[in-house]
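Peer 1: Residue numbers (mature numbering (1 follows the signal peptide of the UniProt record, and there is no 0)): -48 to -1, 1 to 271.
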């Protein structure tokens, strides 16, 4: 929307800052809530909440602004739209601030109505656009909910797992040094019985030196080819016979263990599967609607005649 978000955030922030004493949160957290309030106020959902049906008995009024009620559900809707870092704060801890923000929004809406902004042509366009967005999202949400069931998500998960068979993984350590001579010296020390982990801590120049060169488990494609080729030829407990050179330097490699990678559990990737399937459903819905629609692309009108699209002047060069 053309209304500057910064200005609206500032306007919304004034009543919120007044409730500072009632909020047991830090200044940075309050600032984040102010920004979230502005974003929510500008979202299509905010317009959808302007006129609400009568509330049930289980949705009590928690505040009033000039006699107009703010219901519990409105507070919960606002809370659910906060950024993740804010949503971790218990509702009761930031409830006074949220109510003050909702009150500010209500007061701004009343002021806009009194100023007859609802009759402004640009505002009408924005409201119509917001209404259309809310309807579009509601339609897609309903269709996605109807189409994507737990059984279908589990079936897609199983299909994806079948398409990605387990891969070989190794757990390796390494000693990374700048020269071949330093690598040979480290390797000789290990061959004479020194503990590989301790030699890595002492000699390695890489970021894993503090942990004895521990690289954890990885698949072959996760490392540069020379390193991966050498590591995957080793069995647990074995060390490379000669140093391995890569663009990072010279390595002495030891493999601690080998295993087959385990697929992620369905519960751990459920959200990703749902997001992927939702995107597919939305694409199909739009494609089907296009098939049954008549879409006409007309010539772009231009002052002085002609149908060429308007050109945009390049940005001025900076000195």
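Glycine included, each C-beta is placed from N, C-alpha and C at the ideal position.
Which whole-angstrom value describes the C-beta separation of residue 234 and residue 96, a residue pair presumed to lie in contact below a C-beta threshold of 8 Å?
Peer 2: Right, their Cβ atoms sit about 7 Å apart.
Peer 1: Report yes if the CB atom of residue 229 is closer than 8 Å to the CB atom of residue 108, and no otherwise.
Peer 2: Taking 8 Å as the Cβ cut-off, residue 229 and residue 108 qualify as a contacting pair.
Peer 1: From which residue to which residue does the beta strand (DSSP E) around residue 212 run?
Peer 2: Element bounds for residue 212: 201 to 212.
Peer 1: Taking only three categories from DSSP, how would you classify residue 34?
Peer 2: If DSSP states are grouped into helix, strand and coil, residue 34 belongs with coil.
Peer 1: Assuming contact is defined by CB atoms lying nearer than 8 Å, are residue 208 and residue 123 in contact in what I supplied?
Peer 2: Their beta carbons are under 8 Å apart, which means residue 208 touches residue 123 by this criterion.
Peer 1: With burial defined as no fewer than 16 other Cβ atoms inside 10 Å of the residue's Cβ, what is the status of residue 200: buried or exposed?
Peer 2: Under this definition residue 200 is an exposed residue.
Peer 1: Going by C-alpha distance, which of 129, 171, 172, 169 is nearest residue 151?
Peer 2: Out of 129, 171, 172, 169, 129 has the C-alpha closest to the C-alpha of residue 151.
Peer 1: Do the segment 13 to 26 and the segment 53 to 72 make contact, defined as three or more Cβ pairs closer than 8 Å?
Peer 2: The answer is yes - the segment 53 to 72 touches the segment 13 to 26, with three or more Cβ pairs under 8 Å.
Peer 1: Between residue 221 and residue 170, what straight-line distance do the alpha-carbon atoms span, to the nearest angstrom?
Peer 2: Taking the straight line from one Cα to the other gives about 20 Å.
Peer 1: So, with DSSP's three-state summary, where would you put residue 215?
Peer 2: Looking at residue 215 - three-state DSSP - the assignment turns out to be coil, as it is neither helix nor strand.
Peer 1: Helix, strand or coil for residue 12? Go by DSSP, reduced to three states.
Peer 2: Coil at residue 12, not helix or strand.
Peer 1: Relative to the C-alpha of residue 104, which residue among 218, 242, 190 is closest?
Peer 2: The residue with the shortest Cα to Cα distance from residue 104 is 218.
Peer 1: Put residue 166 into one of helix, strand or coil per three-state DSSP.
Peer 2: Looking at residue 166 - three-state DSSP - the assignment turns out to be strand.
Peer 1: Have a look at residue 144 and residue 35 and give me their C-alpha separation to the nearest angstrom.
Peer 2: Spanning the two alpha carbons is a distance of roughly 56 Å.
Peer 1: Kindly give me the distance between the Cβ atoms of residue 203 and residue 179, rounded to whole angstroms, as I take these residues to be in contact under 8 Å.
Peer 2: 6 Å between Cβ atoms; contact.
Peer 1: By DSSP's criteria, residue 275 is part of a beta bridge. Which residues make up the other side?
Peer 2: Given that the chain is displayed from residue -48 to residue 271, the structure contains no residue 275 and the question cannot be resolved.
Peer 1: Which word fits residue 121, buried or exposed, when buried means at least 16 other C-beta atoms lie within 10 angstroms of its C-beta?
Peer 2: It counts as buried.
Peer 1: From the DSSP output, in three-state form, read off residue 194 for me.
Peer 2: Residue state, collapsed to three classes: coil.
Peer 1: From what residue to what residue does the beta strand (DSSP E) around residue 21 run?
Peer 2: 20 to 23 is the span of the beta strand (DSSP E), which, as asked, contains residue 21.
Peer 1: Suppose contacts are defined by Cβ-Cβ distances below 8 Å. Is residue 50 in contact with residue 27 by that definition?
Peer 2: Yes, they are a contact pair.
Peer 1: DSSP beta-bridge partners for residue 171?
Peer 2: Paired residues: 121.
Peer 1: Would you kindly report the start and end of the unbroken alpha helix (DSSP H) that includes residue 156?
Peer 2: No alpha helix (DSSP H) holds residue 156; DSSP gives it neither H nor E.
Peer 1: Just to check my reading of the structure: residue 113 and residue 215 have Cβ atoms closer than 8 Å, yes? What is that Cβ distance to the nearest angstrom?
Peer 2: Residue 113 to residue 215, Cβ: 5 Å. Contact.
Peer 1: Taking the beta carbon of residue 81 as the centre, do at least 16 other beta carbons fall within 10 Å, making it buried, or is it exposed?
Peer 2: Exposed: under 16 other Cβ atoms inside 10 Å.
Peer 1: So what's residue 234 in DSSP terms, helix, strand or just coil?
Peer 2: Reduced to three states, the DSSP call for residue 234 is helix.
Peer 1: To which residues of the same chain is residue 165 closer than 6 Å at the C-beta, ignoring the five residues directly before and after it?
Peer 2: Excluding residues within five positions, the ones whose Cβ falls inside 6 Å are 125, 126, 127, 152, 156.
Peer 1: List the endpoints of the continuous alpha helix (DSSP H) containing residue 45.
Peer 2: Residue 45 -> alpha helix (DSSP H) spans 43 to 66.
Peer 1: Round the Cβ separation of residue 148 and residue 191 to the nearest angstrom and send it over; I've been treating them as touching at under 8 Å.
Peer 2: The Cβ separation is near 7 Å, so the contact holds.
Peer 1: I'd like to check one pair, residue 92 with residue 274: are the Cβ atoms closer than 8 Å?
Peer 2: As shown, the chain starts at -48 and ends at 271. That puts residue 274 outside it, with no answer to give.
Peer 1: Using three-state DSSP, classify residue 17 as helix, strand or coil.
Peer 2: Looking at residue 17 - three-state DSSP - the assignment turns out to be strand.
Peer 1: If you draw a straight line from the alpha carbon of residue 48 to that of residue 252, how long is it in whole angstroms?
Peer 2: In a straight line, the C-alpha of residue 48 is about 52 Å away from that of residue 252.
Peer 1: Tell me which residues share the same chain as residue 135 and place their Cβ nearer than 6 Å to its Cβ, disregarding the 5 neighbours each side in the sequence.
Peer 2: Result list for residue 135: 129, 195, 202, 204, in chain order.
Peer 1: Using the beta-carbon count (16 or more within 10 Å), is residue 243 buried or exposed?
Peer 2: Exposed, by the Cβ-count rule.
Peer 1: Residue 101 by DSSP, collapsed to three states: which one?
Peer 2: Of the three classes helix, strand and coil, the one that applies to residue 101 here is coil, per DSSP.
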